[in-house]
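Here's the structure we're looking at; comments come further down.
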Amino acid sequence: PPGWHLLAVTGVDNVPNSWITRWTLLDLFLVLIAALAVSRLWNNYWGLLALCALALIWHEANAPRFIWLNILAAVSLIKALPQGKVLRLMKVYRSACWIVLLIISIPFLVGQVRTGLYPQLEKPTQSIESQRAYKQDTALAADTMALDNTRAMSSFSVPKHSIKKTYQAPQESELKHIDANASLQTGPGLPQWQWTRIPLSWNGSVDSQQKVRFWYLGPVTSLLLNFLRVILVVVLSLLMLDIISKPFHFRLPIPGLKLCFLLFFILPATPAYADYPDPELLKELKQRLLKAPDCLPACAQLQTMHIVITPENLTLTLQAHAQESVAIPLPAKFQQWLPNSVLVDGVPAKALIRDDHGLLWLTLTPGIHKLVLKGSTPLQSSFTLPLPLKPHAISHTKQQWEIEGLKKNGTAENQLHFTRVETALQKESDLPSLSPSTFPAFIRVERTLNLGLDWHISTRVIRASKGATAVTLEIPLLKGESISSTNIRTEKGHAIVHMTSSQQSIEWQSLLEKNGHLTLTAPETDQWFELWRINTSPIWHINTTGIAAIHHQDQSGNWLPEWRPWPGEQISLSISRPEAIQGQTLTIDKSIVQVRAGKRNLETSLYIDIRSSKGSQHSILLPENALLQSVSVNGTTQPIRQQQQTVTLPITPGTQHYRLNWHEAKQQSSLLTTPEIDLGIDSVNTHLKIFLAEDRWVLLALGPRMGPAVLFWGVLIVLVILAYALGKTHITPLKHWQWFLLLIGLSQIPVTMALVVVAWLMALGLKQKQSYADVNTFNLVQILLIAFTLGSLAILFIAVEQGLLGSPDMQIVGNQSTVFNLNWYQDRSLTTLPTASVISLPLMSYRIMMLIWSLWLAISLLNWLKWGWQCFSYDGLWKKSLPGSKKESA
13 PPGWHLLAVT GVDNVPNSWI TRWTLLDLFL VLIAALAVSR LWNNYWGLLA
63 LCALALIWHE ANAPRFIWLN ILAAVSLIKA LPQGKVLRLM KVYRSACWIV
113 LLIISIPFLV GQVRTGLYPQ LEKPTQSIES QRAYKQDTAL AADTMALDNT
163 RAMSSFSVPK HSIKKTYQAP QESELKHIDA NASLQTGPGL PQWQWTRIPL
213 SWNGSVDSQQ KVRFWYLGPV TSLLLNFLRV ILVVVLSLLM LDIISKPFHF
263 RLPIPGLKLC FLLFFILPAT PAYADYPDPE LLKELKQRLL KAPDCLPACA
313 QLQTMHIVIT PENLTLTLQA HAQESVAIPL PAKFQQWLPN SVLVDGVPAK
363 ALIRDDHGLL WLTLTPGIHK LVLKGSTPLQ SSFTLPLPLK PHAISHTKQQ
413 WEIEGLKKNG TAENQLHFTR VETALQKESD LPSLSPSTFP AFIRVERTLN
463 LGLDWHISTR VIRASKGATA VTLEIPLLKG ESISSTNIRT EKGHAIVHMT
513 SSQQSIEWQS LLEKNGHLTL TAPETDQWFE LWRINTSPIW HINTTGIAAI
563 HHQDQSGNWL PEWRPWPGEQ ISLSISRPEA IQGQTLTIDK SIVQVRAGKR
613 NLETSLYIDI RSSKGSQHSI LLPENALLQS VSVNGTTQPI RQQQQTVTLP
663 ITPGTQHYRL NWHEAKQQSS LLTTPEIDLG IDSVNTHLKI FLAEDRWVLL
713 ALGPRMGPAV LFWGVLIVLV ILAYALGKTH ITPLKHWQWF LLLIGLSQIP
763 VTMALVVVAW LMALGLKQKQ SYADVNTFNL VQILLIAFTL GSLAILFIAV
813 EQGLLGSPDM QIVGNQSTVF NLNWYQDRSL TTLPTASVIS LPLMSYRIMM
863 LIWSLWLAIS LLNWLKWGWQ CFSYDGLWKK SLPGSKKESA
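Below is the structure:
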């Protein structure tokens with residue numbers, strides 16, 4: 013997390029990214045060489061200090077490293093070289109290295125102080141952001157737009173992969189395997205934040221006794237080390253600049269170096285540009301756009317179907333009801349029968365597609381539609397039409413065809429079987445024909461034991477051999493088995509099965525008494541062979557003895573053991589129910605508190621993601637003066653009322669998204685604090701958001717560590733130091749407090765523009781103290797001062813305009829916070845959520861202060877310009893070249 017740093021790791025085979033592993037032999041060599049050079053040039057104490065300083069900063073980002081070696085080399089040569097041109101050149105090189113050292117060190121020192129106080133600024137562009145939160149309204153709007161686009165495109169063909177997921181027949185409910193009274197643990201919530209990752213790996217096997225040890229620094233130690241680095245770098249820099257070599261005498265060797273050293277302390281804050289929209293938000297938007305309708309799998313139904321079949325043609329007339337834009341399967345299949353034309357409300361259908369299983373799909377828009385399927389009857393004597401979507405009522409008109417699969421109540425089985433009827437003329441025909449021999453049928457009996465809350469058996473009898481003979485079997489039942497289906501009768505513990513010549517399979521359901529021991533035995537018969545499967549709920553534990561299972565999983569990877577016994581083989585099942593371990597059944601994975609401050613009201617929105625394993629109720633305690641406005645569950649508003657401070661939420665199994673809106677009657681003040689909310693249980697991933705009006709001036713932000721930082725106050729300290737130093741130069745008539753007021757006003761414009769104004773005043777003062785013997789140099793300085801003056805006056809006008817009309821730049825960064833949108837994050841919270849506070853003033857107070865500053869600047873500028881004119885006209889305004897000098901030059 014922010015503020016934590018890894019020193020070393022032991023017990024792993026790879027080389028993780030720690031402080032120890034970043035050191036190389038070259039790094040050690042350079043640090044030791046630099047420390048030895050300092051020790052020889054000054055003394056051993058300075059050498060020890062240099063060793064500590066370089067060891068602490070060598071692997072820090074943007075730290076000065078190789079510049080120290082250049083300065084040491086220049087200092088060594090200066091002490092060894094005699095007087096001459098080479099010595100002067102080396103002094104110039106040393107001065108250039110000093111300037112480079114200042115340019116590199118000052119941003120590094122400022123960064124060390126900032127990351128020490130605000131560890132989240134180590135990665136200023138990284139945000140721990142909620143993906144639902146206040147963007148939910150935008151996402152809901154996207155849902156509506158996506159639905160409109162879907163309806164508009166309903167006339168186009170539907171992709172194959174989307175059809176498979178658009179409409180499916182209802183499957184058996186999995187609730188039969190779940191104990192409604194079981195207290196399934198939801199487990200603790202997991203924080204969503206990510207910061208610095210350290211990969212660990214091993215090349216070979218790892219022993220169970222293997223230990224991994226971590227050495228790391230916490231936030232407090234990291235803060236102390238950051239300030240220690242600042243102190244050591246400053247002291248070492250002063251030593252390199254030859255400032256502290258002469259005690260109690262603070263004078264820079266180069267007149268302008270002192271100003272350069274102080275001016276670079278004012279650095280612009282690193283802007284934290286939010287990558288909006290981020291990949292997670294785009295991923296969520298994609299999921300919403302591709303989300304299936306909530307009505308599935310009952311978004312469409314076939315109300316009626318009328319069949320008209322003649323020796324040559326088959327016509328199906330359907331009445332379909334669609335609630336959403338969906339694709340429905342039609343009663344047609346490849347290699348059985350496909351229509352030559354499909355009409356939708358009298359218009360030829362366009363959005364037709366055939367899937368991998370040979371079924372024909374049609375896309376319908378919401379409403380009631382009349383479908384007409386026409387085609388020629390197959391040439392073979394029989395064919396089958398599947399009914400993946402069963403009509404509620406079926407009628408028919410047939411000629412020379414028989415239809416099997418229709419029930420007396422007007423409904424049908426899963427498919428309809430059509431058989432051509434031979435006429436008398438066809439029977440009396442003398443054409444020769446072959447009559448195949450008849451072989452006895454061979455049957456496969458599949459028993460699937462479903463052991464859930466209730467035990468039942470699904471039995472399927474399937475014709476395993478080719479042939480068209482009728483079959484009658486007496487299949488023995490298991491001990492405690494009783495058939496619940498009405499199409500099978502029982503007699504003396506056996507199920508009497510009748511299969512027609514055209515029937516390929518038959519199945520039924522049975523109830524099974526719960527027993528701790530079951531035995532399955534394959535009967536010794538040559539009429540069928542058996543196949544056993546056991547579908548067990550997690551609430552049961554089973555031990556099996558006997559023959560081994562040939563499969564343990566089905567094609568989907570679900571646990572479904574399967575046996576194929578020979579006649580006379582058996583398996584024994586010992587079944588027991590393990591006792592449940594008590595634990596929490598409700599977990600809060602995320603909570604977001606949004607506060608919008610108004611003139612008289614404080615509007616608050618609370619978003620909660622609750623994951624539960626059972627249905628119940630959960631109470632939330634609101635602030636004392638809160639008035640509940642609305643409660644929504646999964647985006648749907650619910651009629652939930654507030655009882656005093658308590659709001660009771662309905663909990664259903666699974667993950668639910670709740671949103672509560674309330675307001676409090678509070679007058680706007682300088683201190684704004686998020687309300688105290690009691691969620692009832694501990695939670696994770698708490699987000700706090702404060703939205704301020706544009707007429708507020710943020711002074712300070714307080715809250716969890718992962719939040720915004722107001723960097724202006726650090727800049728203010730630097731301005732105080734800089735103003736004191738500029739006042740000590742005596743180059744200008746400005747006092748300490750005048751420099752401070754000037755720099756405060758200039759802090760709201762870019763740093764480069766502010767430096768121009770400061771350099772202008774310093775240049776005027778230096779011009780008065782400097783005499784120029786060369787005429788051309790004097791005139792060039794006068795021209796530069798005029799340009800400097802005009803530019804500085806323009807910059808001061810921009811500063812006044814920005815102060816009176818613009819908004820203050822308090823340099824707010826951290827967790828993608830902005831001036832009016834402040835974001836905090838805390839990974840784990842107690843029952844009462846943490847709070848965040850903002851201290852702000854009306855923007856008018858800032859404008860009034862800037863007005864006072866502007867008036868002061870205008871009055872002071874008159875005195876500065878008078879002084880500046882004296883400096884400018886010192887030793888004349890313009891110098892002309894003497895005639896004698898021109899002749900001599902000629």
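Add 12 to the 1-based position in the sequence shown for our numbering, that's all there is to it.
No residue lacks a Cβ here, since even glycine has one placed at the ideal position from N, Cα and C.
Just grab the DSSP bridge partners of residue i for me.
| i | result |
| --- | --- |
| H506 | P488, E503 |
| S407 | H318 |
| A721 | V825 |
| L228 | Rather than Leu, the amino acid found at residue 228 in this sequence is Tyr. Answer is L18. |
| V457 | V473, E542 |
| L942 | Residue 942 lies beyond the residue range present for the chain, which begins at 13 and ends at 902; the question has no answer from this structure. |
| F703 | R608, N833 |
| F395 | F430 |
| G387 | L326 |
| V245 | Looking at the DSSP assignment, V245 forms no beta bridge with any residue, so it has no partner. |
| W520 | T471 |
| V356 | V359, L383 |
| Q222 | In DSSP, Q222 forms no bridge with anything. |
| H71 | BP columns for H71 are empty, so no partner. |
| A312 | A334 |
| E416 | H429 |
Could you give the distance in angstroms between the alpha-carbon of residue i and the alpha-carbon of residue j?
| i | j | result |
| --- | --- | --- |
| L37 | L84 | 21 Å |
| K382 | G558 | 58 Å |
| V232 | L248 | 24 Å |
| A405 | T658 | 52 Å |
| A151 | Q828 | The pLDDT assigned to A151 is 42, lower than 50, so where the model puts this residue is not dependable, and the model offers no usable value. |
| F752 | V812 | 16 Å |
| K504 | L465 | 28 Å |
| Y619 | G647 | 11 Å |
| L877 | S804 | 11 Å |
| G59 | I256 | 15 Å |
| I32 | R77 | 18 Å |
| Q654 | R300 | 31 Å |
| S849 | L684 | 5 Å |
| I243 | K740 | 23 Å |
| T409 | T322 | 8 Å |
| Q782 | L776 | 10 Å |
| Q348 | L397 | 7 Å |
| G888 | T789 | 13 Å |
| H17 | L873 | 51 Å |
| W544 | L418 | 31 Å |
| S393 | E458 | 31 Å |
| N570 | P403 | 32 Å |
| A334 | Q427 | 22 Å |
| L236 | M102 | 38 Å |
Could you tell me the boundaries of the beta strand (DSSP E) in which residue i lies?
| i | result |
| --- | --- |
| W674 | 666-677 |
| A334 | 325-334 |
| K478 | Unbroken run through K478: none, as it is neither H nor E. |
| Q882 | First-last for Q882: 855-885, but that is the alpha helix (DSSP H), not the beta strand (DSSP E). |
| D621 | 613-624 |
| A638 | Where A638 is concerned, there is no enclosing beta strand (DSSP E), given that its DSSP letter is neither H nor E. |
If residue i and residue j are in contact, beta carbons under 8 Å, what's the gap, nearest whole angstrom?
| i | j | result |
| --- | --- | --- |
| T844 | D690 | 5 Å |
| P820 | Q760 | 6 Å |
Could you give the first and the last residue of the continuous alpha helix (DSSP H) run that contains residue i?
| i | result |
| --- | --- |
| W571 | No alpha helix (DSSP H) holds W571; the beta strand (DSSP E) holding it covers 571-575. |
| E296 | 291-301 |
| E813 | 787-817 |
| T764 | 763-781 |
| P119 | 97-129 |
| G757 | 748-758 |
query: Any contact of the region 305-318 with the region 330-339, i.e. 3+ C-beta pairs under 8 Å?
result: yes
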